[in-house]
Amino acid sequence: MTAYLITSVSVVGAAPTDLLIRDGVVAEVGTGLSAPDATVIDGTGLVALPGLVDLHTHLREPGREDAETVESGSRAAAMGGYTAVCAMANTSPVADTAGVVEQVWRLGREASLVDVQPIGAVTIGLAGERLAELGAMADSAARVRIFSDDGHCVADPLLMRRALEYVKAFDGIIAQHAEEPRLTEGAQMHEGEVSTRLGLIGWPAVAEEAIIARDVLLAEHVGSRLHVCHVSTAGSVEVLRQAKARGVRVTAEVTPHHLLLTDERAESYDPVFKVNPPLRTATDVAALRSALADGVIDVIATDHAPHAVEDKECEWAYARPGMLGLETALSIALDVLGPEWDLIAERMSRTPARIAGLTGHGVDPAPGAPANLTLIDPAARRTIEPAELASRSRNTPYARMTLPGRIVATFLRGEPTVLDGKAVK
Amino acid sequence: MIKHLLSGGDLDADTATEILDTAAEMATVAGREIKKLPALRGRTVVNLFYEDSTRTRISFEAAAKRLSADVINFSAKGSSVTKGESLKDTALTLQAMGADAVVVRHPASGAPHRLANWVDGSVVNAGDGTHEHPTQALLDAYTMRARLGRLAGLSVAVVGDVLHSRVARSNVLLLSTLGAKVTLVGPPTLIPVDIAGALAPGTDVSYDLDSVLPNVDVVMMLRVQRERMNDSYFPSAREYARRYGLDGPRMRRLPEHAIVMHPGPMNRGMEITPEVADSPRSTIVEQVTNGVSVRMAVLYLLLGGNNR
Amino acid sequence: MAYPPAARPSPPRQPSVKVILASADVQRVVDRIAHQILEKTQGAANTVLLGIPTRGTPLARRLADRISTFEDVVVPVGVLDITLYRDDLRRHATRAVGPTELPSGGIDGKRVILVDDVLFSGRTVRAALDALNDVGRPASVQLAVLVDRGHRELPIRADYVGKNIPTALTESVKVTLAETDGTDEVKLYGGALS
Numbered sequence: 103m104t105a106y107l108i109t110s111v112s113v114v115g116a117a118p119t120d121l122l123i124r125d126g127v128v129a130e131v132g133t134g135l136s137a138p139d140a141t142v143i144d145g146t147g148l149v150a151l152p153g154l155v156d157l158h159t160h161l162r163e164p165g166r167e168d169a170e171t172v173e174s175g176s177r178a179a180a181m182g183g184y185t186a187v188c189a190m191a192n193t194s195p196v197a198d199t200a201g202v203v204e205q206v207w208r209l210g211r212e213a214s215l216v217d218v219q220p221i222g223a224v225t226i227g228l229a230g231e232r233l234a235e236l237g238a239m240a241d242s243a244a245r246v247r248i249f250s251d252d253g254h255c256v257a258d259p260l261l262m263r264r265a266l267e268y269v270k271a272f273d274g275i276i277a278q279h280a281e282e283p284r285l286t287e288g289a290q291m292h293e294g295e296v297s298t299r300l301g302l303i304g305w306p307a308v309a310e311e312a313i314i315a316r317d318v319l320l321a322e323h324v325g326s327r328l329h330v331c332h333v334s335t336a337g338s339v340e341v342l343r344q345a346k347a348r349g350v351r352v353t354a355e356v357t358p359h360h361l362l363l364t365d366e367r368a369e370s371y372d373p374v375f376k377v378n379p380p381l382r383t384a385t386d387v388a389a390l391r392s393a394l395a396d397g398v399i400d401v402i403a404t405d406h407a408p409h410a411v412e413d414k415e416c417e418w419a420y421a422r423p424g425m426l427g428l429e430t431a432l433s434i435a436l437d438v439l440g441p442e443w444d445l446i447a448e449r450m451s452r453t454p455a456r457i458a459g460l461t462g463h464g465v466d467p468a469p470g471a472p473a474n475l476t477l478i479d480p481a482a483r484r485t486i487e488p489a490e491l492a493s494r495s496r497n498t499p500y501a502r503m504t505l506p507g508r509i510v511a512t513f514l515r516g517e518p519t520v521l522d523g524k525a526v527k
Numbered sequence: 014m015i016k017h018l019l020s021g022g023d024l025d026a027d028t029a030t031e032i033l034d035t036a037a038e039m040a041t042v043a044g045r046e047i048k049k050l051p052a053l054r055g056r057t058v059v060n061l062f063y064e065d066s067t068r069t070r071i072s073f074e075a076a077a078k079r080l081s082a083d084v085i086n087f088s089a090k091g092s093s094v095t096k097g098e099s100l101k102d103t104a105l106t107l108q109a110m111g112a113d114a115v116v117v118r119h120p121a122s123g124a125p126h127r128l129a130n131w132v133d134g135s136v137v138n139a140g141d142g143t144h145e146h147p148t149q150a151l152l153d154a155y156t157m158r159a160r161l162g163r164l165a166g167l168s169v170a171v172v173g174d175v176l177h178s179r180v181a182r183s184n185v186l187l188l189s190t191l192g193a194k195v196t197l198v199g200p201p202t203l204i205p206v207d208i209a210g211a212l213a214p215g216t217d218v219s220y221d222l223d224s225v226l227p228n229v230d231v232v233m234m235l236r237v238q239r240e241r242m243n244d245s246y247f248p249s250a251r252e253y254a255r256r257y258g259l260d261g262p263r264m265r266r267l268p269e270h271a272i273v274m275h276p277g278p279m280n281r282g283m284e285i286t287p288e289v290a291d292s293p294r295s296t297i298v299e300q301v302t303n304g305v306s307v308r309m310a311v312l313y314l315l316l317g318g319n320n321r
Numbered sequence: 759m760a761y762p763p764a765a766r767p768s769p770p771r772q773p774s775v776k777v778i779l780a781s782a783d784v785q786r787v788v789d790r791i792a793h794q795i796l797e798k799t800q801g802a803a804n805t806v807l808l809g810i811p812t813r814g815t816p817l818a819r820r821l822a823d824r825i826s827t828f829e830d831v832v833v834p835v836g837v838l839d840i841t842l843y844r845d846d847l848r849r850h851a852t853r854a855v856g857p858t859e860l861p862s863g864g865i866d867g868k869r870v871i872l873v874d875d876v877l878f879s880g881r882t883v884r885a886a887l888d889a890l891n892d893v894g895r896p897a898s899v900q901l902a903v904l905v906d907r908g909h910r911e912l913p914i915r916a917d918y919v920g921k922n923i924p925t926a927l928t929e930s931v932k933v934t935l936a937e938t939d940g941t942d943e944v945k946l947y948g949g950a951l952s
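These protein sequence lines map, in sequence, to chains A, B and C. The number in this note's numbering is simply the position in the first sequence, starting from 1, with 102 added. The number in this note's numbering is simply the position in the second sequence, starting from 1, with 13 added. The number in this note's numbering is simply the position in the third sequence, starting from 1, with 758 added.
Rendered as structure tokens:
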């Protein structure tokens with residue numbers, strides 16, 4: 103196994119130091135390190151962060167390998183600085199059995215570009231009717247701890263209560279896609295001025311807020327852990343703030359796109375901006391940013407959602423919702439938060455690793471820590487070209503935007519997955 | 014000069030007025046023995062209709078033919094569209110056929126905007142989903158101007174299912190541009206959120222038809238589908254008609270000169286009674302006639318020169 | 759002492775302008791055409807004057823006015839907009855369509871005299887003949903122009919010509935009228951002086 107000596111690198115924003123990576127761990131940290139057998143990487147001007155962890159990734163395999171595979175999605179993740187991703191369950195077949203989650207987990211191991219942690223479905227076929235075999239998935243080789251029907255809301259309050267209670271037996275967590283289905287029938291975009299002008303059916307903020315309000319009360323009642331996926335509205339932030347103040351065991355994520363883009367993007371009718379939950383207003387964006395800074399929102403999660411060209415090169419109403427995120431998330435975080443490296447590490451690595459129970463991840467580079475880390479050049483600026491992305495799909499909303507920061511290298515257990523800004527394999 | 018007509022908001026006051034003036038000249042052709050002008054000889058106009066709308070399709074077809082354009086009707090029925098060809102692939106086909114203009118009717122809002130990205134020719138929105146129908150707004154404006162002599166300063170009530178109405182959106186945009194004042198009237202469930210901010214500042218909203226009627230020059234009744242009551246937009250057709258339908262007694266509350274409009278097709282007995290629809294105040298038949306002249310003017314404006 | 763030619767400040771190059779008809783000339787020419795019409799039509803009975811916009815319209819009105827002064831006949835006047843019949847529509851941005859106004863008695867069975875300011879290639883007149891064909895069936899069609907500058911591209915000639923002006927293709931003829939431009943004048947613009 104090759105050793106790597108990274109010189110003069112700022113670890114999570116601290117003064118420059120050297121990092122020696124050997125045998126899968128950070129062997130030494132300090133100035134003036136030397137290791138004649140090691141490959142030297144000049145870290146001058148670079149920042150080392152614990153490898154990023156994504157709580158919300160769609161890898162599309164099995165079922166839509168034309169849009170993404172575990173391998174292509176893993177490569178996109180590595181290119182984005184990630185060392186672990188949690189793969190959502192809405193594949194075909196749905197990841198609602200031990201067999202499917204083990205298949206995804208095994209494909210992740212074979213690709214070995216990031217750790218792929220499967221998420222299990224809460225209900226059979228995401229149909230919202232009967233609980234899937236949550237315990238079997240937890241006991242499988244994939245050791246599933248997060249369960250989600252993402253893409254669909256667990257709308258039935260009784261079913262949601264049971265799910266929250268049931269997973270306590272194996273310290274599981276329910277990640278809810280908060281969307282009241284009756285309030286969003288046919289919904290195409292945020293309900294507001296722009297939807298009225300464009301004649302597109304609105305997705306009202308209250309459809310998200312009502313479910314979050316209900317779920318935090320349910321979680322409080324049964325004393326369970328709840329995770330809220332892709333929070334998108336100012337009202338949801340307030341519901342979460344109050345719940346956290348009461349001590350409810352709730353965590354929440356926000357996507358990069360909800361931190362940067364607004365519903366006005368729909369004016370083009372280009373479905374590359376169609377996503378669920380939809381892009382909201384500037385007021386919502388501001389509330390999400392401040393909630394991310396003050397901790398009401400715990401995590402940035404990408405909701406990386408690759409789609410084949412034909413599912414986006416069409417009428418808005420017929421397009422599938424979702425956008426790519428893995429390869430641009432850190433740049434968006436840097437753009438939105440500035441060089442607040444400790445905050446970025448907290449929101450994009452340590453906290454998501456803790457929520458997902460991924461013990462080898464989210465640990466700052468220090469002697470003895472697993473060498474899961476990424477090197478960022480914060481001074482670089484890059485223009486996003488869809489064709490250059492590692493993802494198999496092209497549906498990035500940031501096409502031709504110039505964003506700050508570039509991932510120079512990513513290490514998974516001491517092995518580089520990205521070097522010189524290029525995927526190693 | 015504009016290349017596409019996708020929205021009532023694409024037109025500034027000068028361009029809209031030019032279309033109405035041109036339409037007035039085009040209207041004289043309808044009175045002639047030879048209802049034909051050579052202006053668009055050699056141009057190809059494709060009517061691409063993804064929804065059944067015989068009225069709108071034949072209006073555009075008559076308009077294009079009177080200007081001597083070649084017309085190709087491409088309807089979703091009996092074409093490759095039903096076999097699942099994408100809009101983009103259809104666009105490439107039309108492009109290969111050399112379409113100079115594509116007149117598109119589509120159930121999805123924004124489909125004409127997408128199409129405009131994929132073809133070199135002009136795109137005319139002939140109604141997209143619950144979004145817009147700009148030539149309907151133009152023919153409505155033409156009809157108002159013809160009957161009342163002006164548009165600036167007119168007070169226009171648009172009544173009914175504004176939420177799902179492409180006619181209402183285009184009318185609010187165009188009439189505001191031309192200086193008319195629009196009041197949207199309907200049950201709150203059928204008035205979309207933030208309508209004034211979304212379309213035109215100064216647009217009023219009222220839930221009380223009777224209070225609006227005495228002060229308007231024009232009342233435009235929108236088609237209301239009975240099925241909306243299944244989605245709880247209103248309790249029953251009877252209650253809707255009682256609160257928002259235009260009947261004889263309500264019509265008599267209008268000022269003497271006021272006119273009654275309807276884009277058709279009407280639900281007689283729902284939003285309008287036969288007595289009103291067939292009264293001298295009703296412009297419903299004129300609207301159809303004016304539709305051809307206005308669409309001739311639009312096609313001439315878009316295709317009559319080298320506006321590329 | 760003489761400067762070598764190259765060192766001389768060269769005069770600004772400007773097009774030559776020559777007034778062909780001054781205001782009084784224009785009026786005399788219109789009078790003459792009116793007389794010719796009366797003579798050739800034996801009193802201008804059953805005759806309609808159709809002006810081709812822009813300047814054919816006031817010319818037609820003037821001719822009718824002069825005819826009624828000379829002989830006390832009222833000749834109906836109309837306007838024939840030819841925009842939609844032009845053969846060069848695609849060479850320009852979309853042209854605004856103007857009104858066509860036929861006299862109340864119509865043109866069927868009448869002698870129609872088309873009136874324009876300048877006869878050049880003949881394409882405008884061709885368009886007018888096409889337009890006329892679509893709006894009615896006159897008994898005969900004649901053409902009256904203030905100026906004929908030659909260079910016909912179609913087999914068309916005028917029945918009444920106010921003034922023949924031999925021109926080069928590089929030159930241009932500009933007619934102004936009091937009704938449309940403030941003054942009556944015909945000018946010939948040449949190429950730049952060498």
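Glycine included, every Cβ here is placed at the ideal spot set by N, Cα and C. Predicted model only: the values in this text are computed from it and were never measured.
Rounded C-alpha distance that separates residue i from residue j
i, j, result
"I871 (chain C)", "A803 (chain C)", "12 angstroms"
"S297 (chain A)", "A257 (chain A)", "25 angstroms"
"E322 (chain B)", "E288 (chain B)", "For residue 322 (chain B) there is no data in the structure shown, the boundaries of chain B being 14 and 321."
"M103 (chain A)", "G227 (chain A)", "43 angstroms"
"E442 (chain A)", "L24 (chain B)", "47 angstroms"
"S135 (chain B)", "P262 (chain B)", "46 angstroms"
"D241 (chain A)", "V132 (chain B)", "55 angstroms"
"G91 (chain B)", "V58 (chain B)", "With a pLDDT of only 48 at G91 (chain B), under the threshold of 50, the placement of this residue in the model should not be trusted; the figure read from the coordinates follows. Whole-angstrom Cα-Cα distance: 19 angstroms."
"D365 (chain A)", "G44 (chain B)", "49 angstroms"
"V203 (chain A)", "L460 (chain A)", "16 angstroms"
Where the beta strand (DSSP E) containing residue i begins and where it ends
i, result
"S110 (chain A)", "Y106 to V113"
"F62 (chain B)", "T57 to F62"
"D906 (chain C)", "S898 to D906"
"E340 (chain A)", "No beta strand (DSSP E) contains E340 (chain A), which is instead part of the alpha helix (DSSP H) from A336 to R348."
"Q219 (chain A)", "D217 to P220"
Endpoints, alpha helix (DSSP H) assigned at residue i
i, result
"I32 (chain B)", "A26 to A43"
"F73 (chain B)", "T67 to R79"
"R811 (chain C)", "The question names Arg, yet the displayed sequence has Pro at residue 811 (chain C). Unbroken run through P811 (chain C): none, as it is neither H nor E."
"H254 (chain A)", "No alpha helix (DSSP H) contains H254 (chain A), which DSSP labels as neither H nor E."
"K376 (chain A)", "From DSSP, K376 (chain A) is part of no alpha helix (DSSP H); its letter is neither H nor E."
"M264 (chain B)", "G261 to M264"
Under 9 angstroms between C-beta atoms of residue i and residue j
i, j, result
"L187 (chain B)", "L842 (chain C)", "no"
"R118 (chain B)", "E299 (chain B)", "no"
"D156 (chain A)", "L361 (chain A)", "no"
"V401 (chain A)", "A354 (chain A)", "yes"
"V788 (chain C)", "R813 (chain C)", "no"
"T67 (chain B)", "A139 (chain B)", "no"
Whole-number beta carbon distance between residue j and residue i, since they are thought to touch under 8 angstroms
i, j, result
"P518 (chain A)", "V526 (chain A)", "5 angstroms"
"E322 (chain A)", "A280 (chain A)", "Going by Cβ atoms, the distance from E322 (chain A) to A280 (chain A) rounds to 16 angstroms, so no, they are not a contact pair."
"A154 (chain B)", "L164 (chain B)", "6 angstroms"
"A189 (chain A)", "T159 (chain A)", "6 angstroms"
Does the segment 499-514 of chain A come within contact of the segment 172-184 of chain A, defined as at least 3 CB pairs closer than 8 angstroms? yes
Spell out a yes or no on whether the segment 269-278 of chain B and the segment 303-312 of chain B are touching, meaning 3 or more CB-CB pairs, one atom from each, closer than 8 angstroms. no
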